[in-house]
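Q: One line per chain: the protein sequences are A and B, in this order. Residues 5 to 422 in our numbering are what the first sequence lists, from first letter to last. Residues 613 to 679 in our numbering are what the second sequence lists, from first letter to last. All C-beta atoms in this analysis are idealised placements derived from N, C-alpha and C, irrespective of residue type, glycine included. Note that the coordinates shown come from a computational prediction; the quantities given were computed from them, not determined experimentally.
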Amino acid sequence: MHAETMDRPPSPADIASPVIYLDGIPHDGFAAIRETEGLVWHPYDDNGFWAVTRHADVREVSRNPEVFSSAIGHTNLWDLEADALEARRSLIDSDAPDHTRLRRVVSRVFTPKATRSWEDTARGIAADLVDAFVARGGGDWVELVAAPLPIRVILAILGVPAVDADYMVELTDHLVEGTGDRPSLPDDAYGNTTPTRLLPFNSPASYALFEYGERMRQLRLAEPTDDLVTGLVAAEADGERLTPAEYRNFFQLLVFAGNETTRTAIIHGGMAFAESPDQWAAVVDDPSTVPTAVDEVIRWATPILHMRRTTSRETLLAGTPLAAGDKVVMWYAAANRDPEVFDEPFRFDVARSDNPHFAFGGGGPHFCLGAFLAKMEVQVLLEEMARRGVRLEQRSEPVRLASNFVHGVESLELGVLA
Amino acid sequence: MSGPVRLAVDVDRCIGIGQCELLEPEVFRLDDETAISRVVDGATLGRERAAEVVERCPSMAISILED
């Protein structure tokens, strides 16, 4: 496929290695790649991918889905065989017209108006968690605040009983581990009988989520309520409902994406405010800063580090010729620190007003479905903390995840200053 | 030059993301049932802001109507 492979300069940093991320995002490496003329070809498995790190290039890839396909190969770094790709296909791994149809079905239950209707629920959950965290004088920010807030909110929206929250967290944690360097579960965990290569994240935990989602589907078909699962089960687009496989993969996607990503934003937000008390003071002094602070927290965190596309035909990107079938990986983590776009990109600045970050994707049809929900959750958390004048301090180094996909942190001790 | 302009939503491209309604709630409204965006009757925007909204629509469904 690449006659000229031998001529390419070596990639300046090993950005694909999961263990590199145990020390945090390799920002120096990304800067070196970003500053290299054209595109850098990065080795991966038996071939490689184009590392797209500049803001403008991520934007171009995101906005040209006909050329940069989500349906070919996979949207993660590794390729999937055709049957596995089909079995695992969700919104994320689809192109128009399938994507358009699916997206419209779920957009109907995920509107800005619907998001606003969930705000009181989210605020109540945030207030309880903040009060409990303050009462015990701090602790593991991940376990006590960042993880429970989004999972409780998404479960409340979906209609999953609160008693199952811990089980859902357990399952999605296993999914994240599935993006690391080794499987975290035996193949037959949770009674799984499906070959793991057919399951999202190659994880038996996906099987458990499918089973759970299917039980809920049956319950809501028999007895509809006003929750999101009922809406999904009843949703029709162009006269079609979601197929059982589409529903199953979407339920799994919602529980994962509605949980792990916002959790990661809150983790890095808490850490950033503990490190920059002046920025937190600015929010407490002037709550009208909250909206820009929310976007800055999300830029700072960039919970999903990359997404992949695959070229449907020959094309040119950043002056570099690409062949059909090439892997093209958009590193949002790098684009969100691009000095061409962000003034002092390594400064955490809650007043940053011009903040076109790509933490929800670089535009185009795959723009994060849960963007409004995520922003609303971070917003109510910051508001509830600011109202109480809660000040955080960092008590430990974060224990980071070995993942090149999620900017994950397993634990982080934060204290509460009197 | 910078007078108000009218906008249009291509209903075949719109997938109900809602960025437009969030940016300009007086101009765009997502349909309660279909989530497809529509322009409020008679609504206009300054050309510069209109261009920004066009640019920020993730599904590239908004255009400025040139009379």
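Please look up how many angstroms separate the CB atoms of Ala620 of chain B and Ser671 of chain B, rounded, as I've assumed it's under 8 Å.
A: Here residue 620 of chain B corresponds to residue number 8 of the second sequence, with the count starting at 1. Here residue 671 of chain B corresponds to residue number 59 of the second sequence, with the count starting at 1. 14 Å between Cβ atoms; not a contact.
Q: List the endpoints of the continuous beta strand (DSSP E) containing Asn3 of chain A.
A: With chain A covering 5 to 422 only, the question about residue 3 of chain A has no answer from this structure.
Q: Quick one: any contact between the stretch 186-196 of chain A and the stretch 146-157 of chain A, if contact means 3 or more CB pairs under 8 Å?
A: no
Q: Within a Cβ cutoff of 8 Å, which residues of the same chain sit near Leu320 of chain A, ignoring the five residues on either side of it in sequence?
A: To locate residue 320 of chain A, count along the first sequence from 1; it is residue 316. Leu326.
Q: Where does Leu418 of chain A land, buried or exposed, given buried means 16+ other C-beta within 10 angstroms?
A: Locating residue 418 of chain A in the first sequence gives position 414, counting from the first residue. Counting Cβ neighbours within 10 Å, Leu418 of chain A comes out buried, since at least 16 surround it.
Q: Return the residues of the stretch 636-648 of chain B that lie within a Cβ-Cβ distance of less than 8 Å from chain A, sorted by chain order.
A: Leu642, Asp644, Glu645, Thr646, Ala647 and Ile648
Q: Who are the neighbours of Ser671 of chain B on chain A, taking C-beta pairs under 7 Å?
A: Counting from 1 along the second sequence, the entry for residue 671 of chain B is found at position 59. Residues of chain A passing the Cβ test: Pro369.
Q: Would Ala269 of chain A and His310 of chain A qualify as a contact pair, given that the criterion is a beta-carbon distance under 9 Å?
A: Taking the first residue of the first sequence as position 1, residue 269 of chain A is located at position 265. Taking the first residue of the first sequence as position 1, residue 310 of chain A is located at position 306. For Ala269 of chain A and His310 of chain A, no; Cβs fall outside 9 Å.
Q: Run the CB neighbour count on Trp82 of chain A, radius 10 Å, all protein chains shown included, and call it buried at 16 or more, exposed below.
A: Reading the first sequence from its first residue, position 78 is the one you call residue 82 of chain A. If you draw a 10 Å sphere on the C-beta of Trp82 of chain A, you find fewer than 16 other C-beta atoms in it, and that means exposed.
Q: In chain A, which residues lie less than 7 Å from Ile674 of chain B when you measure between Cβ atoms?
A: Here the question's residue 674 of chain B lines up with position 62 in the second sequence. Result: empty, since nearest Cβ-Cβ is about 12 Å, beyond 7 Å.
Q: Check distances from the C-beta atoms of the stretch 65-86 of chain A to those of chain B and list, in chain order, the residues that come in under 8 Å.
A: Arg67
Q: In chain E, which residues lie less than 8 Å from Glu664 of chain B when you measure between Cβ atoms?
A: You won't find chain E in this structure, because its protein chains are A and B.
Q: Whose CA, out of A:Glu387, A:Pro360, A:Thr198 and A:Asp282, lies closest to the CA of Arg92 of chain A?
A: As a working note, residue 92 of chain A is residue 88 in the first sequence. Among A:Glu387, A:Pro360, A:Thr198 and A:Asp282, the Cα nearest to that of Arg92 of chain A belongs to A:Thr198.
Q: Can you check whether the C-beta of Leu246 of chain A is within less than 9 Å of a C-beta belonging to chain B?
A: Taking the first residue of the first sequence as 1, we reach residue 246 of chain A at position 242. No, Leu246 of chain A does not count as interfacial toward chain B.
Q: Kindly list the residues whose CB is nearer than 7 Å to the CB of Leu153 of chain A, restricted to its own chain and excluding five residues on each side of it in sequence; keep chain order.
A: Taking the first residue of the first sequence as position 1, residue 153 of chain A is located at position 149. Excluding residues within five positions, the ones whose Cβ falls inside 7 Å are Ile129, Ala130, Leu133, Ile270, Glu381 and Leu385.
Q: On a Cα-Cα basis, can you pick out the residue from A:Ala17, A:Glu227 and A:Val233 that is closest to Tyr216 of chain A?
A: Your numbering for residue 216 of chain A matches position 212 in the first sequence. Minimum Cα distance to Tyr216 of chain A is reached at A:Val233.
Q: Over the uninterrupted beta strand (DSSP E) stretch that includes His310 of chain A, give me the two end residues.
A: As a working note, residue 310 of chain A is residue 306 in the first sequence. Segment His310 to Thr315, the beta strand (DSSP E) holding His310 of chain A.
Q: Take Leu84 of chain A and list the residues in its own chain whose beta-carbon comes closer than 8 Å to its own, dropping the five residues that flank it on each side.
A: What you label residue 84 of chain A is simply residue 80 of the first sequence in a count that begins at 1. Only Gly77, His78, Arg92 and Arg201 meet the Cβ criterion.
Q: Can you say whether Phe350 of chain A is buried or exposed, counting buried as having 16 or more other CB atoms within 10 angstroms of its CB?
A: The residue labelled residue 350 of chain A in the question sits at position 346 within the first sequence. Exposed, since its Cβ has fewer than 16 Cβ neighbours within 10 Å.
Q: Closest by CA to Phe362 of chain A, which one among A:Ser415, A:Ile37 and A:His59?
A: Walking along the first sequence from the start, residue 362 of chain A turns up at place 358. The residue with the shortest Cα to Cα distance from Phe362 of chain A is A:His59.
Q: Quick check: is any heavy atom of the ligand SAH less than 8 Å from the C-beta of Thr324 of chain A?
A: In the structure on display, the ligand SAH does not appear, and there are no ligands present to speak of.
Q: Taking Val44 of chain A as part of the alpha helix (DSSP H), name the residues at either end of that continuous run.
A: Numbered from its first residue, the first sequence carries residue 44 of chain A at position 40. That residue, Val44 of chain A, is in no alpha helix (DSSP H); its beta strand (DSSP E) goes Val44 to Tyr48.
Q: Among A:Pro16, A:Ser15, A:Leu26 and A:Glu39, which residue has its Cα nearest to the Cα of Glu344 of chain A?
A: Here residue 344 of chain A corresponds to residue number 340 of the first sequence, with the count starting at 1. The shortest Cα separation from Glu344 of chain A among A:Pro16, A:Ser15, A:Leu26 and A:Glu39 belongs to A:Glu39.
Q: Buried or exposed, going by whether 16 or more other CB atoms sit within 10 Å of the CB of Pro1 of chain A?
A: Residue 1 of chain A lies beyond the stretch modelled for chain A, which goes from 5 to 422, so this question has no answer here.
Q: Taking Met220 of chain A as part of the alpha helix (DSSP H), name the residues at either end of that continuous run.
A: Along the first sequence, one-based indexing puts residue 220 of chain A at 216. Taken as a continuous stretch (DSSP letters only), the alpha helix (DSSP H) holding Met220 of chain A covers Pro208 to Ala226.
Q: Spatial neighbours of Met220 of chain A within its chain, please: C-beta separation below 6 Å, excluding the five flanking residues on both sides.
A: Position 216 of the first sequence, counted from the first residue, corresponds to residue 220 of chain A. Val233, listed in sequence order.
Q: Are there 16 or more other CB atoms within 10 angstroms of the CB of Ile19 of chain A, so buried, or fewer, so exposed?
A: Position 15 of the first sequence, counting from 1, holds the residue named residue 19 of chain A. When all chains shown are included, Ile19 of chain A counts as buried.
Q: Hey, out of A:Asn206, A:Ile24 and A:Val44, whose CA is closest to Pro14 of chain A's CA?
A: Your numbering for residue 14 of chain A matches position 10 in the first sequence. The shortest Cα separation from Pro14 of chain A among A:Asn206, A:Ile24 and A:Val44 belongs to A:Val44.
Q: When you compare only the Cα positions, how much space is there between Ser280 of chain A and Val298 of chain A?
A: Position 276 of the first sequence, counted from the start, is the residue given in the question as residue 280 of chain A. Position 294 of the first sequence, counted from the start, is the residue given in the question as residue 298 of chain A. So the alpha carbons of these two residues sit roughly 15 Å apart.
Q: For Phe254 of chain A, report the span of its alpha helix (DSSP H) as first-last.
A: Against the first sequence, residue 254 of chain A aligns to sequence position 250. Unbroken alpha helix (DSSP H) run through Phe254 of chain A: Pro248 to Phe260.
Q: With a 10 Å radius around its C-beta and 16 neighbouring C-beta atoms as the bar for buried, classify Pro248 of chain A as buried or exposed.
A: Sequence index remark: in the first sequence, residue 248 of chain A carries index 244 (1-based). By the neighbour-count rule (16 or more Cβ atoms within 10 Å), Pro248 of chain A is not buried but exposed.
Q: Would you identify the three-state DSSP class for Thr324 of chain A, choosing helix, strand or coil?
A: On the first sequence, residue 324 of chain A is found 320 positions in, with the first residue counted as 1. The answer is strand: DSSP assigns Thr324 of chain A an E or B state.
Q: Where Ala209 of chain A and Gly195 of chain A are concerned, what is the direct C-alpha to C-alpha distance, given to the nearest angstrom?
A: One-based indexing of the first sequence puts residue 209 of chain A at position 205. One-based indexing of the first sequence puts residue 195 of chain A at position 191. Each residue's Cα considered, the two are about 10 Å apart.
Q: Establish whether the CB of Leu619 of chain B and some CB of chain A are separated by less than 9 Å.
A: Your numbering for residue 619 of chain B matches position 7 in the second sequence. Leu619 of chain B does not count as touching chain A.
Q: Going by alpha carbons, who is nearest to Ala378 of chain A out of A:Asp49, A:Thr119, A:Thr314 and A:Glu174?
A: As a working note, residue 378 of chain A is residue 374 in the first sequence. Closest option to Ala378 of chain A, Cα to Cα, is A:Thr119.
Q: Return yes when the Cβ of Val410 of chain A is within less than 9 Å of the Cβ of Thr265 of chain A, no when it is not.
A: Counted from its first residue, the first sequence places residue 265 of chain A at position 261. Counted from its first residue, the first sequence places residue 410 of chain A at position 406. It is a contact, given that the beta carbons lie within the stated cut-off.
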